[in-house]
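Novice:
Numbering (this note's numbering), first residue to last: 1 to 376.
#1: Can you name, in chain order, every residue of its own chain whose Cβ lies under 7 Å from the Cβ of residue 151, other than the five neighbours on each side?
#2: Which same chain residues, not among the five before or five after residue 356, have their C-beta less than 6 Å away from its C-beta?
#3: Just list the residues that DSSP pairs residue 123 with in beta bridges.
#4: Between which two residues does the beta strand (DSSP E) carrying residue 26 extend?
#5: For residue 175, count neighbouring Cβ atoms within 10 angstroms of its own Cβ and tell me buried if that reaches 16, exposed if not.
#6: So within the segment 217 to 268, which uninterrupted alpha helix (DSSP H) runs reach at least 4 residues, ignoring any that extend past its ends?
#7: For a quick check, are the C-beta atoms of residue 65 and residue 53 less than 8 Å apart?
#8: Determine, using beta carbons only, whether residue 369 and residue 340 come nearer to each other than 8 Å.
#9: Which one of 19, 130, 49 has the shortest CA to CA distance from residue 33?
#10: Which of the three DSSP states, helix, strand or coil, is assigned to residue 15?
#11: Just to confirm my understanding: we take residue 161, look at its own chain, exclude 5 residues before and 5 after, and list those with CB closer than 7 Å. What are they?
#12: Helix, strand or coil: which one does DSSP assign to residue 346?
#13: Identify the residues that DSSP records as bridge partners of residue 280: which are they?
#14: Does residue 208 pass the burial test, meaning 16 or more other C-beta atoms within 10 Å, or should it be called exposed?
#15: Name the DSSP beta bridge partners of residue 275, please?
#16: One question on the structure: do residue 237 and residue 327 come within less than 8 Å of each other, judged by their Cβ atoms?
#17: Since residue 249 contacts residue 350 with CB under 8 Å, what's their CB separation in whole angstroms?
#18: To which residues does DSSP link residue 371 through a beta bridge?
#19: For residue 226, which residues of its own chain have a beta-carbon under 7 Å away from its beta-carbon, when the five flanking residues on both sides are left out?
#20: Look up residue 377 in the DSSP assignment and say whether it is helix, strand or coil.
If you want it as structure tokens, here you go:
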């Protein structure tokens, strides 16, 4: 308590002991005002313009004491701060690399593919690709146009040669000519009535020029003989080289199998070696027909089926074991087609018994022509 008087006296008398504190101000007119701060505030006027300024007195508070920096111990190595800095930098670089790898792995495959495509599709490459596409498209169009022009000429010439060969009765030459015409149609891409008639001529000439040299009865009789003497494997090996065409004018009926599968049975009663013969004609063309409309169209239709004239290629002739052992003649499903031309029908050796039968056959062929779309 005795020292408070001394402290107060020291604070009150400190202004006299302090050094003078100068001040310097810049007036808006450009004049510099200089002076010394006092223990009290003062009002100073500019000598040029008379602008007044308020000057603060000398601060009575002691200046702040600056803290001294703590000195590092002499035991730490001189190069330790640099080592710590290097380690910290490496850790930061490793962290940035790890984050970058994580972000790249997070990208989806689709995003990476798009980015790769964008990098690959530069403007120059796009321009070059467009030029190549235009040149290639133009070349293909020119080649296609010339091929179509040549095919048009080939089609007309082949049809004329085929018709001339049919009039001369040369089925082999007619088949070759119509084969060229069909090849030309594939290039042209036509599907009008003339194109359908030409394809029908080709199928009929193909079947007529490759007819089976034996009747179905002779074929099954030979199969039965070989089967009895040498077994079924010997006949099947011999049958492989005998695939040929047959043309039948008979009735066809639908039949359901054990698994409710639809089959088409040809009414062709034969007995060979005491075994019945069944003709299985599961042709694609039969599956496309409206059998209910056929039955209503033909007044003679009964349980034996619908009367048709068709051609098909032989596929197999084999002995089947079922409820009763019987021979089965199977036709190639994709080869079958309905006959349409009466002149080609007569070329095969079919002859009508009388005028009424001839008229009936012509009407049947005319109806089949309408069914397959070659006659309006």
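Glycine included, C-beta positions come from ideal geometry on N, C-alpha and C.
Specialist: In terms of the structure at hand:
#1: One-based indexing of the chain shown puts residue 151 at position 151. If you ignore the 5 residues before and after residue 151, its C-beta comes within less than 7 Å of the C-beta of 184, 187, 188, all in its own chain and listed in chain order.
#2: In the chain shown, the residue the question calls residue 356 occupies position 356. If we look at residue 356 and ignore the five residues flanking it on each side, it has no Cβ neighbours.
#3: Within the chain shown, numbered from 1, the residue matching residue 123 stands at position 123. Residue 123 is not bridged to any residue.
#4: Residue 26 sits at position 26 when you count from the first residue of the chain shown. Element bounds for residue 26: 22 to 26.
#5: Taking the first residue of the chain shown as position 1, residue 175 is located at position 175. Counting Cβ neighbours within 10 Å, residue 175 comes out buried, since at least 16 surround it.
#6: 232 to 239
#7: Position 65 of the chain shown, counted from the first residue, corresponds to residue 65. Position 53 of the chain shown, counted from the first residue, corresponds to residue 53. No, Cβ-Cβ distance for residue 65 and residue 53 is not below 8 Å.
#8: Taking the first residue of the chain shown as 1, we reach residue 369 at position 369. Taking the first residue of the chain shown as 1, we reach residue 340 at position 340. Contact: yes.
#9: Taking the first residue of the chain shown as 1, we reach residue 33 at position 33. The residue with the shortest Cα to Cα distance from residue 33 is 49.
#10: Start at 1 with the first residue of the chain shown, and residue 15 comes out as number 15. Since pLDDT at residue 15 reaches only 47, below the 50 mark, its modelled position is unreliable, and the value read off the structure follows with that caveat. Reduced to three states, the DSSP call for residue 15 is helix.
#11: Here residue 161 is taken as the residue at index 161 of the chain shown, counted from 1. 177.
#12: Here residue 346 refers to the residue found at position 346 when the chain shown is read from its first residue. Looking at residue 346 - three-state DSSP - the assignment turns out to be helix.
#13: Translated into the one-based positions of the chain shown, residue 280 becomes position 280. The partner list for residue 280 (beta bridge, DSSP) reads 265, 330.
#14: The residue labelled residue 208 in the question sits at position 208 within the chain shown. Around the beta carbon of residue 208, a 10 Å sphere encloses 16 or more other beta carbons of the protein chains shown; the residue is thus reported as buried.
#15: Here residue 275 is taken as the residue at index 275 of the chain shown, counted from 1. Answer by DSSP bridge pairing, in chain order: 272.
#16: Working through the chain shown from its first residue, we reach residue 237 at position 237. Working through the chain shown from its first residue, we reach residue 327 at position 327. 8 Å or more divides the Cβ of residue 237 from the Cβ of residue 327.
#17: In the chain shown, the residue the question calls residue 249 occupies position 249. In the chain shown, the residue the question calls residue 350 occupies position 350. About 7 Å; that satisfies the 8 Å criterion.
#18: Working through the chain shown from its first residue, we reach residue 371 at position 371. Answer by DSSP bridge pairing: none, since residue 371 is not bridged.
#19: Here residue 226 is taken as the residue at index 226 of the chain shown, counted from 1. Cβ neighbours of residue 226 beyond the five flanking positions: 234, 235, 238.
#20: This structure cannot speak to residue 377, because the chain is shown only from 1 to 376.
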